[in-house]
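*Asks:*
Protein chains: 2
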Amino acid sequence: MKPVDPSALLDNLSWRYAVKKFDSTRKIPDDQWAAIERAIILAPSSFGLQPWKFMVIADQALRTTLRVASWNQSQITDASHLVVFARRAEMTARDVDRHIDRIIAIRNTPREVLAELRTMMLGAFSAPGFDVNAWAARQVYLALGFFLYTAAQMGVDACPMEGIDAARYDEILNLSAQGYRTTVVATAGFRASDDWLAPLAKVRFPAEEVIERR
Amino acid sequence: MKPVDPSALLDNLSWRYAVKKFDSTRKIPDDQWAAIERAIILAPSSFGLQPWKFMVIADQALRTTLRVASWNQSQITDASHLVVFARRAEMTARDVDRHIDRIIAIRNTPREVLAELRTMMLGAFSAPGFDVNAWAARQVYLALGFFLYTAAQMGVDACPMEGIDAARYDEILNLSAQGYRTTVVATAGFRASDDWLAPLAKVRFPAEEVIERR
């Protein structure tokens, strides 16, 4: 653990904004990109189940196709990197056991010790009213937060993008066949020097309207 | 912008885990807590609408009541700080105008320049199939990611908690009357020296199963 100065964290979060126009000539250095990928892998999730897949789309023709399914927003093709955040579309006993097996592999936990956890997870996913899409999407957004935070701390720009045709993404990427659904997209790279949004002040409600003390 | 070393970021994310037992005698220093609050205020959200409220619960009697609505999990009373992340339960023209007014106040943007944005937001929220709960909850989880990330970078422990009776929380905190709904809880403080989970290795699927390259 190497504590980071809080003022640096906050300065960098204030520096961050949702880039509208990337400099298409600049690429994120490999070591920084590796850190972003590692950070989203390390994101926590409900029961630790990681109900997600992160699709890193490097193929430029594919990015051009996805741009059409994204209201033609330029970030899809012009950012250094594009990631499609997909959520698991169902949670079956197989998903639960994949996680249990992984715990055993990493921690050498005896399987019988995990029986209660397994039953609890299976119970949660078969409970009436359980909405796998809502549940998994929440986890994916937490990972999106880790993505944006990591980029900002390294001085890498990014833009989270909800304005996409998720069903069309699923088709283009053939995600449904794998049991995943497009949830949200993130682009990362470096802002263009003439991005109109870059110089504008960040808009937040006053703290006293957002934070309530009891 | 003060770039942070990627290896420090990742070390601290690896150090982070979901604390099961807090040291109830240790409090988060004020400056660190202020940074955590500021970080969640700075979290990005869809259209920048910040459809959330963060309830910081200091009252110990109230925390005891909430613990009963949380499967009696000890973190609710024993952590240094408890935050209830609530989402906006509806998005009306009033919510949209609150945001538009704030943009004008901060950026001096002429109102007519924002007319198109206003129409777009109103259209999104009145579109058939728009699910305000799903949409707002996703944003809240992104902010939860910012909370956990900030704590970890400062060496502050935390635990995100979904295992709560959200409807009961709403009643206890009278959130529905304000137009909000309990979404998830986060506790923060310092791990107890005998927390059983602290020494266990983090469990993640192999990177090649989580990240797919195209």
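Protein sequence lines, in the order shown, are assigned to chains L and X. Note that this note's numbering has the first sequence beginning at 1, numbered continuously upward. Note that this note's numbering has the second sequence beginning at 1001, numbered continuously upward. Glycine residues also receive a C-beta, built at the ideal position from the N, C-alpha and C atoms.
Which first and last residues belong to the alpha helix (DSSP H) in which leucine 117 of chain L is found?
*Replies:* Within the first sequence, numbered from 1, the residue matching residue 117 of chain L stands at position 117. Note, leucine 117 of chain L: alpha helix (DSSP H), 115 to 126.
*Asks:* Using a beta-carbon distance below 7 angstroms, is isoleucine 104 of chain L in contact with chain X?
*Replies:* Within the first sequence, numbered from 1, the residue matching residue 104 of chain L stands at position 104. No, isoleucine 104 of chain L lies away from the interface with chain X (no Cβ there is under 7 angstroms from its Cβ).
*Asks:* Per the DSSP calculation, phenylalanine 1054 of chain X is bridged to which residue(s)?
*Replies:* Working through the second sequence from its first residue, we reach residue 1054 of chain X at position 54. Phenylalanine 1054 of chain X pairs with L/Ile211 and X/Phe1085.
*Asks:* Note down, in chain order, each residue of its chain lying with its Cβ closer than 7 angstroms to the Cβ of isoleucine 40 of chain L, except the 5 sequence neighbours on either side.
*Replies:* One-based indexing of the first sequence puts residue 40 of chain L at position 40. Around isoleucine 40 of chain L: Phe54, Ala143, Phe146 and Phe147.
*Asks:* Is the Cβ-Cβ distance between alanine 1034 of chain X and aspartate 1165 of chain X less than 7 angstroms?
*Replies:* The residue given as residue 1034 of chain X occupies position 34 in the second sequence. The residue given as residue 1165 of chain X occupies position 165 in the second sequence. In this structure, aspartate 1165 of chain X does not lie closer than 7 angstroms to alanine 1034 of chain X by Cβ.
*Asks:* Could you check whether the Cβ of arginine 1138 of chain X sits closer than 7 angstroms to any Cβ belonging to chain L?
*Replies:* The residue labelled residue 1138 of chain X in the question sits at position 138 within the second sequence. Taking Cβ atoms only, chain L reaches closer than 7 angstroms to arginine 1138 of chain X, which makes this a yes.
*Asks:* DSSP on aspartate 957 of chain X, reduced to helix/strand/coil?
*Replies:* A question about residue 957 of chain X goes unanswered here, because the residues of chain X that appear run from 1001 up to 1214.
*Asks:* Please determine, among L/Arg181, L/Glu162 and L/Leu114, the residue with the shortest C-alpha to C-alpha distance to glutamate 171 of chain L.
*Replies:* Start at 1 with the first residue of the first sequence, and residue 171 of chain L comes out as number 171. Cα-wise, what sits closest to glutamate 171 of chain L is L/Arg181.
*Asks:* Please report the distance separating the alpha-carbon of alanine 1127 of chain X from that of lysine 21 of chain L.
*Replies:* For this step, residue 1127 of chain X is matched to residue 127 along the second sequence. For this step, residue 21 of chain L is matched to residue 21 along the first sequence. The alpha-carbon atoms of alanine 1127 of chain X and lysine 21 of chain L are separated by roughly 28 angstroms.
*Asks:* Along the alpha helix (DSSP H) that carries methionine 154 of chain L, what are the first and last residues, could you check?
*Replies:* By one-based count along the first sequence, residue 154 of chain L stands at place 154. Taken as a continuous stretch (DSSP letters only), the alpha helix (DSSP H) holding methionine 154 of chain L covers 132 to 154.
*Asks:* Look at the Cβ atom of alanine 136 of chain L, then the Cβ atom of arginine 168 of chain L, and state whether they are nearer than 7 angstroms.
*Replies:* For the purposes of this step, residue 136 of chain L is taken as the residue at position 136 of the first sequence. For the purposes of this step, residue 168 of chain L is taken as the residue at position 168 of the first sequence. Going by C-beta atoms, alanine 136 of chain L is not nearer than 7 angstroms to arginine 168 of chain L.
*Asks:* Go ahead and label alanine 207 of chain L buried or exposed: buried means 16 or more other beta carbons lie within 10 angstroms of its beta carbon, across all protein chains shown.
*Replies:* Within the first sequence, residue 207 of chain L is the residue found at index 207, counting from 1. Classification of alanine 207 of chain L: exposed, given that the 10 Å Cβ count is below 16.
*Asks:* Over what stretch of residues does the beta strand (DSSP E) that includes arginine 1181 of chain X continue unbroken?
*Replies:* On the second sequence, position 181 is the one that residue 1181 of chain X refers to. Its beta strand (DSSP E) spans residues 1180 to 1189.
*Asks:* Give a yes or no on whether the minimum CB-CB distance between histidine 1171 of chain X and chain L is below 7 angstroms.
*Replies:* The count along the second sequence starts at 1 and reaches residue 1171 of chain X at position 171. In the sequence under discussion, the amino acid at residue 1171 of chain X is glutamate, which differs from the histidine named in the question. So no, glutamate 1171 of chain X is outside the interface.
*Asks:* Interface residues of chain X around isoleucine 92 of chain L at Cβ under 8 angstroms?
*Replies:* Here the question's residue 92 of chain L lines up with position 92 in the first sequence. One point to set straight first is that residue 92 of chain L is threonine, not isoleucine, in the sequence displayed. Residues of chain X passing the Cβ test: none, with the nearest at roughly 16 angstroms.
*Asks:* At which residue ranges does the stretch 12 to 79 of chain L contain complete beta strand (DSSP E) runs of 3 or more residues, listed in the order of the chain?
*Replies:* 52 to 56
*Asks:* Closer than 7 angstroms by beta-carbon distance: list the chain X residues that pair up with glycine 48 of chain L, in chain order.
*Replies:* Here residue 48 of chain L refers to the residue found at position 48 of the first sequence. By Cβ distance, chain X contributes Val1203.
*Asks:* Please list the partners that methionine 1001 of chain X has in chain L, where partner means a Cβ-to-Cβ separation under 7 angstroms.
*Replies:* In the second sequence, the residue the question calls residue 1001 of chain X occupies position 1. Correct list: Asp11, Asn12, Trp15 and Gly155.
*Asks:* Going along the stretch 1101 to 1126 of chain X in order, which residues come within less than 7 angstroms of chain L, judged by CB to CB distance?
*Replies:* Arg1102, Ile1103, Ile1106 and Arg1107
*Asks:* Return yes when the Cβ of arginine 1191 of chain X is within less than 7 angstroms of the Cβ of valine 1198 of chain X, no when it is not.
*Replies:* As a working mapping, residue 1198 of chain X is identified with position 198 in the second sequence. As a working mapping, residue 1191 of chain X is identified with position 191 in the second sequence. The question names valine, but residue 1198 of chain X is alanine in the sequence shown. In contact: alanine 1198 of chain X and arginine 1191 of chain X (Cβ atoms closer than 7 angstroms).
*Asks:* Would you report the Cα separation of aspartate 11 of chain L and glutamine 75 of chain L, rounded to the nearest angstrom?
*Replies:* Within the first sequence, numbered from 1, the residue matching residue 11 of chain L stands at position 11. Within the first sequence, numbered from 1, the residue matching residue 75 of chain L stands at position 75. When rounded, the distance between both Cα atoms is 24 angstroms.
*Asks:* Can you tell me whether leucine 60 of chain L is buried or exposed, with buried defined as 16 or more other CB within 10 angstroms of its CB?
*Replies:* Residue mapping note: residue 60 of chain L aligns to position 60 of the first sequence, counting from 1. The identity of residue 60 of chain L in the sequence shown is glutamine, whereas the question assumes leucine. Under this definition glutamine 60 of chain L is an exposed residue.
*Asks:* In the DSSP output, what is alanine 217 of chain L paired with across the bridge?
*Replies:* Outside the displayed range of chain L (1 to 214) lies residue 217 of chain L, so it cannot be described from this structure.
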